[in-house]
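Some notes on the structure that comes next.
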Amino acid sequence: MNKHSPMIQPKPTCATCASPCRDKEYVQQIPIADIDVTPWSMQADPAANDSVQQELTLTESRRQGRIIEPQGIEQMDVNTFFEMSDSDRRRWYLNKLGKFQNQINESAVNNKVPPQLIATIILNELADIKQTDVYQQKVGMQVGSLGMAQIQVETAIKDGLVLFPCDSQQLDQEAQKRYELELFRSMSLQGGPMPKESLRKQAEREMVSHRLTIPQYAIESAAREIRVLLNEMVIHRANPWQQRFGLSLTDVSQLMSPNDIYNYIYGNSQLAKEQNLSEMIAAAYNSPEIIKASKKESITRDADGFIYDCALQHGNNARDIAANLCITSGTPVSQYRWECNWAGEIYFNGQAEIYKHHEGGPFVASYDGQLFQALGKLILYIQSKDIVKDVLIRLRIMELDESIGELVESEGVSAVTDDMLPVLSVTKVRLFSETLCRLQNDFNEDTRKLYEDFISQFIEQSVLDWSDYQNLPSGLLLAKGDGEVKLELNFETLTSDMLDAHFRYPRDIGFPLTIDLRVGWYLDYSKVF
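If you read the sequence shown in the numbering used here, its first letter stands for residue 1247, the second for the next number, and so on.
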C-alpha cells in the first residue's frame, strides 16, 4: 500500500488523547519570527520584512481538523554550508525553520528540551543531505532517514517519536481493514491471510515513515529523540562522552521546563552551555553508541583507538550552528554571542565619560567610581539613527559596502541617508538589555555585585513586551517619544556594601543624581540568527 494513503494519514481531530491536544502556554519563545530584528526578514533587504507567517502546529492542526502536508528535503553538503556568507546562511536558516517556530516552541514545552537545541539539531541534519537521502524520500521509501530531522524509521518506531496515544485506535482499525482484505484475498489464492499483528506493524511503519516527512512531526520527533538521548546519557553519565561536558543530571524528571538542562551542563556562559549541549547531543544523535563508550581514547581525535570521527564532526558542526543561533534562554546570568554593537557615552552630571569602545570588539565597561554613587535613577536614551550615523565609521560598527564607503570618504558621514541604515525599533530595547550583559567581561568582586544588584534584574525583564510600558514592574518605566525610547530605572536598591566599595567622593554630593547614557545602538544582523 502506498505510504501516502489517506487511510493512514493523521486524524484531524482527537478526542481520546489529552497529551498532544490540551491547551498550553508556550512560555519559552525563540525569536525567529516574532522579534522585530532584521536577520529574520524573508526579503533580500533585511529591513523589508519583520515577521514570518507560521505554519500550523500539531496541536492546532488537530483542533482545527486540518491536515498538514509532507515537505521535501534538498541536497546540501557541509562544506558548501559553511562556505556560505553570514547573510546567506541566515536566509537559509530562516527558509528552513522560520515558519515552524511555533512548532519548535510547542515541542520544546512538550518534551522539556530547549527550543534552540531542537533548531540546532535539525539545521545540523539539513546541512548534510545527500542525493540518496533526497531520492529515498521522494520515491516514498519506508526505510532509512527521512524528513528534516533525518530520523531513521526504525528509530522512530522503537522510540515512539511520532505516534500519540490516540493513534493506537486508528492503527487497530487499519489493521482490521487490512485483515478483512487479506481474508478475501486468501479465498482465491493459496495460503492464509497475514497475521493481524503483522498487518498492524505494516500500517504503523507506513504512518511513521509518512509523518517523518511532515515538518511538524519531524520537529516533534527530534525533540523526543533528544529526550531519549538525555535519558541514556543520565544512565551512563560517568562515561567519557558525558563527562567531557560535565553532565550532572541524575534523572530526566528533574527537567521541568525547556531550559532546565542548562543547569546540568558545563559552561561559564550561556553561549558556552548552548554550544556544549548542542555538541554533546548532536554527536549522539548521529552515533548513539558514543553515549556508552567506555574508553576515553575512542572519543579523542588522533588518539589510538579513536572510532567516532563522524559523531565528533556532527558535534563540531552543531557547535558552530549553536553559536549562530545563540539566543535568549531566559537565564538571568547570560552572556550572548550576538554581535550587538553599540556606541554610547555616559555622562555623570554632564561630565565624565564612563564607557569606552574597544575597536574591533564590543563595548567593555570602564568602571568609573562615579557610576556607583548614583542613588537616583539611570536614564537610557535609545536614540534613533542619528547617533548611529555619527559613530558609524569611527567605531566600525557596520559593514558598509564599497559604494557607501566611497561616499563617506568623499562627502562625509552626513551623506549616509536613513535608508542605508538598519531600522531601530522599540523591540530592540529588549535586545539592548541583553547586550548590557557584556559588562561581565571584566568581572571582579565589586563589579559582580553591580551585576547581581542591578544588571541581572534588568535582564530578567528582557523577556517582557517592552512596548507595553504600563504593565512593566514598578521602578521600571518606559515611555515612547518621537524617535527615542526613554528608560528609567531606580537605583535605590543597590546594596550599601557596594556603595561603600566605590564611594570616592564626599557623601554630601547630594541625591538624586542623574546619569545619561546616550546610545546609538545597532544590531549586526549578519551575526545574529
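Glycine included, every Cβ here is placed at the ideal spot set by N, Cα and C.
It should be emphasised that the depicted structure is a prediction, and the values quoted were computed from it without experimental measurement.
CB-CB length for residue i against residue j, believed under 8 angstroms
i: ASN1505; j: PRO1360; result: 5 angstroms
i: ALA1529; j: HIS1560; result: 6 angstroms
i: ASN1522; j: ALA1557; result: Not a contact, Cβ separation roughly 15 angstroms.
i: ASN1562; j: GLU1525; result: 7 angstroms
i: LEU1372; j: LYS1342; result: 6 angstroms
i: LEU1304; j: LEU1392; result: Their Cβ separation, rounded to whole angstroms, is 17 angstroms, which puts LEU1304 and LEU1392 out of contact at 8 angstroms.
i: TYR1510; j: SER1494; result: 5 angstroms
i: ILE1460; j: GLU1306; result: The Cβ separation is near 14 angstroms, so there is no contact.
i: GLN1383; j: ILE1313; result: Between ILE1313 and GLN1383 the Cβ distance is about 19 angstroms, and since that is not below 8 angstroms, they are no contact.
i: GLN1300; j: GLN1347; result: 6 angstroms
Residue interval of the alpha helix (DSSP H) (run including residue i)
i: GLU1320; result: No alpha helix (DSSP H) contains GLU1320, which DSSP labels as neither H nor E.
i: TYR1531; result: 1516-1532
i: SER1353; result: 1347-1357
i: ALA1365; result: 1361-1372
i: GLU1462; result: Note on residue identity: the sequence assigns Gln, not Glu, to residue 1462. That run of the alpha helix (DSSP H) goes 1461-1481.
i: ASP1566; result: 1555-1571
i: VAL1380; result: 1377-1384
i: GLN1299; result: Premise fails: GLN1299 is in no alpha helix (DSSP H) and is neither H nor E.
i: PRO1486; result: 1486-1490
Beta-carbon proximity of residue i to residue j, cut-off 9 angstroms
i: GLU1478; j: ILE1537; result: yes
i: ALA1468; j: ASN1356; result: no
i: TRP1487; j: ILE1567; result: no
i: VAL1454; j: VAL1408; result: yes
i: GLN1362; j: GLU1520; result: yes
i: ILE1368; j: ALA1395; result: yes
i: GLN1321; j: VAL1380; result: yes
i: GLU1471; j: ASP1405; result: yes
i: GLY1492; j: TYR1512; result: yes
i: LEU1501; j: LYS1358; result: yes
i: TYR1564; j: THR1366; result: It is worth fixing the name first, because residue 1564 is Ala in this sequence and not Tyr. Yes, the Cβ-Cβ distance between ALA1564 and THR1366 is below 9 angstroms.
i: LEU1340; j: VAL1298; result: yes
i: TYR1554; j: ALA1539; result: yes
i: ILE1527; j: LEU1476; result: yes
DSSP bridge partner residues for residue i (one or two, in chain order)
i: LEU1392; result: ILE1397
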